[in-house]
Amino acid sequence: MNNGDEILKKVNRLVSAYKQGFLGGEEMPEDENPHLDKASKQNYMYFTLPMALNYQRNSYVLWECANRMYEDECARIVFDSETVCSMSETVLQKYLVKYKVALQPNKQPIIWKRICETIEKKFEGDIRNLFTLNNFSVAKIKEYIQNNKKDFPYLGGNKICNYWLYVLEQYTDVKFVDRENITVAPDTHVIQASQKLGVISEEESQLSNVQIIIAERWKELLKGTDLKPIDVHTPMWLWSRGKFEVNI
521 MNNGDEILKK
531 VNRLVSAYKQ
541 GFLGGEEMPE
551 DENPHLDKAS
561 KQNYMYFTLP
571 MALNYQRNSY
581 VLWECANRMY
591 EDECARIVFD
601 SETVCSMSET
611 VLQKYLVKYK
621 VALQPNKQPI
631 IWKRICETIE
641 KKFEGDIRNL
651 FTLNNFSVAK
661 IKEYIQNNKK
671 DFPYLGGNKI
681 CNYWLYVLEQ
691 YTDVKFVDRE
701 NITVAPDTHV
711 IQASQKLGVI
721 SEEESQLSNV
731 QIIIAERWKE
741 LLKGTDLKPI
751 DVHTPMWLWS
761 RGKFEVNI
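If you read the sequence shown in the numbering used here, its first letter stands for residue 521, the second for the next number, and so on.
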């Protein structure tokens, strides 16, 4: 990593540009939602299940599809874990594929159902119990998920798990006691922005463990500052998505 003080100056300018609206971001992918009661079980389910299918695709399109599916009163049942557990895979597949929430018709409905089964069997049908049982500690939640990774297909991955917790923090009423443990979610845009800022080198950006490297670098860089790692995720994501047109 290059000079930390210089990078921090750039990071602060980037965050400032984001707050002033220079990076866009008036509409984020997850803004496409049915605006349920933030504290409701349904709201938590809405921001949990589609997240597990959020890979190798356009996030804006995924959440548009999820919202359309929720608007269909017949299809809405797939957001209820108890109903999904008793539902045939054919019916579940029909709804998820119809609304293009699932692009892989065989694999992705199985992922959706597995997470619903986990919620039913381990959390009494309410994903909010995962957080209560772990005292709203990000570190404990992530440790639990890592120790039970098969119960959280894809949602338990390093990138998506952190981003999922971040999204829940933004769109539900959950309050984590240690939000500093939500690391940056290093997708392609965050990797590119981290390289642009000098947090990682071009060579490091090509390594298979780049996600772990980035998470550790940001944690180290922001230690002792007012910023938490996840606070820089959206500014970096928007900056890269805008092809770095805003000079930092």
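We put the beta carbon where it would ideally sit given N, CA and C, even for glycine.
DSSP-derived helix/strand/coil call for residue i
i, result
"Gln613", "helix"
"Lys739", "helix"
"Leu569", "coil"
"Arg648", "helix"
"Cys585", "helix"
"Glu591", "helix"
"Arg533", "helix"
"Ser721", "coil"
"Gly524", "helix"
"Ala559", "coil"
"Ser714", "helix"
"Thr754", "helix"
"Arg699", "helix"
"Leu623", "coil"
"Asn574", "coil"
"Glu602", "helix"
"Ala471", "Outside the shown range of the chain, which is 521 to 768, sits residue 471, and nothing can be said about it."
"Leu685", "helix"
"Glu550", "helix"
"Asp673", "Here residue 673 is Pro; the residue named in the question, Asp, does not match the sequence. Looking at Pro673 - three-state DSSP - the assignment turns out to be coil, as it is neither helix nor strand."
"Pro706", "coil"
Cα-Cα separation, residue i to residue j
i, j, result
"Tyr566", "Asp671", "18 Å"
"Pro549", "Gln562", "19 Å"
"Leu509", "Gln726", "Residue 509 cannot be examined here, being either before or after the span of the chain that is shown, 521 to 768."
"Lys695", "Ala559", "11 Å"
"Asn729", "Val697", "28 Å"
"Glu724", "Lys763", "20 Å"
"Val598", "Asp557", "18 Å"
"Asn701", "Tyr683", "12 Å"
"Gln628", "Glu584", "17 Å"
"Ser601", "Asp646", "8 Å"
"Glu552", "Met589", "12 Å"
"Gly524", "Leu741", "7 Å"
"Met788", "Leu675", "In the structure as shown, the chain starts at 521 and stops at 768, and residue 788 therefore has no counterpart that could be examined."
"Trp632", "Thr638", "10 Å"
"Leu787", "Lys614", "Past the edges of the chain, shown from 521 to 768, lies residue 787, and the structure says nothing about it."
"Gln576", "Asp707", "10 Å"
"His709", "Glu591", "30 Å"
"Asn578", "Thr754", "16 Å"
"Thr652", "Ala537", "36 Å"
"Glu640", "Ile733", "35 Å"
"Glu546", "Gln540", "11 Å"
"Lys748", "Ala595", "38 Å"
"Asn655", "Met607", "32 Å"
"Gly744", "Met756", "20 Å"
"Ile527", "Val719", "7 Å"
"Trp485", "His555", "What the structure shows of the chain is the stretch from 521 to 768, and residue 485 is not part of that stretch, so it cannot be assessed."
"Asp746", "Glu593", "44 Å"
"Leu650", "Ile750", "21 Å"
"Glu644", "Ala735", "33 Å"
"Cys681", "Asn667", "13 Å"
"Asn767", "Glu609", "50 Å"
"Gln715", "Ile665", "29 Å"
Assumed close pair residue i, residue j - CB separation to whole angstroms, cut-off 8 Å
i, j, result
"Val531", "Leu717", "7 Å"
"Leu758", "Gly544", "6 Å"
"Ser760", "Gln690", "The Cβ separation is near 19 Å, so there is no contact."
"Val611", "Cys636", "The Cβ separation is near 13 Å, so there is no contact."
"Gln731", "Lys669", "About 15 Å separates the two Cβ atoms, so there is no contact after all."
"Tyr564", "Thr692", "6 Å"
"Pro673", "Arg634", "5 Å"
Test: residue i CB closer than 9 Å to a CB of chain C
i, result
"Ile768", "The structure shown contains no chain C; it holds only a single protein chain."
Mind the definition here: the segment 655-670 touches the segment 611-624 only if three or more C-beta pairs lie below 8 Å; say whether that holds.
no
Legend entry - Touching by the beta-carbon criterion (3+ pairs, under 8 Å), the segment 650-659 and the segment 606-620: no
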